[in-house]
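For reference, the structure is listed below as structure tokens.
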Amino acid sequence: MQIVINGSSMVPVYEQLMDNIKQQIISGELNEGDALPSVRKLANELKISALTVKKAYDRLEEEGFVVTVHGKGSFVTGTDMALAVEARKKSIEEEFAVSVERARALGLKDDDIREILEIILGE
């Protein structure tokens, strides 16, 4: 399992970890029944707190992407792809909302924000 964490990102590490795992589930790199690395092992590999990994795994379980079996570990569940894609859309929507709020705080009007988005989409 390949996980990339950006230490300089404004996105919390646990969310980056969740996004990495969700993307691998959606893309089919991780399949139903696949075991995720133990909390301790993944924390050591990524050089992050075990509590951060635990928080990511707990949130993934709340969202239905994984199931944790006490004493055995966390495993990928049979994910409804529509649900998985909707979760990704929600994440992007939240990122857009933060960006829009930042733009408004800098004094940009909605038309300016739309123009910026159109420029980005046109690239």
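Per full-length UniProt numbering, numbering through the sequence shown is continuous, rising by one, with the last residue being 123.
Quick reminder that beta carbons are idealized off the backbone N, C-alpha and C, glycines included.
Option in the options with minimal Cα separation from residue i
i   : options              : result
G33 : V76, F96 and I92     : V76
V85 : V66, K22, K54 and M1 : K22
K47 : F96, R102 and V13    : V13
S91 : V67, N20 and L108    : N20
M1  : M10, N31 and K55     : N31
E29 : S49, I3 and E45      : I3
Cα-Cα separation between residue i and residue j, rounded to whole angstroms
i    : j    : result
L36  : D111 : 45 Å
S8   : T52  : 16 Å
E123 : I116 : 11 Å
A103 : I119 : 15 Å
G71  : S38  : 10 Å
K54  : I25  : 18 Å
E61  : F96  : 25 Å
L108 : R40  : 45 Å
E93  : S49  : 28 Å
L83  : F65  : 9 Å
L121 : V69  : 43 Å
N6   : A105 : 25 Å
Local Cβ density within 10 Å of residue i, reported as buried at 16 or more and exposed below that
i   : result
M18 : buried
S99 : exposed
L42 : buried
Q16 : buried
A56 : buried
Close Cβ partners of residue i (< 7 Å) along its chain, the five nearest in sequence each way excluded
i    : result
A87  : K22 and E63
I113 : V100 and A103
G73  : A35, L36 and S38
Beta-carbon proximity list for residue i, same chain, < 8 Å, skipping 5 on both sides
i   : result
R59 : Y14 and M18
Residues near residue i in its chain [Cβ-Cβ closer than 6 Å; skip 5 each side]
i           : result
residue 211 : Examination of residue 211 is not possible in this model, given that the chain is present from 1 through 123 alone.
Below-8 Å beta-carbon distance, residue i vs any chain C residue
i   : result
N20 : Reference to chain C is not applicable here, since this structure consists of a single protein chain.
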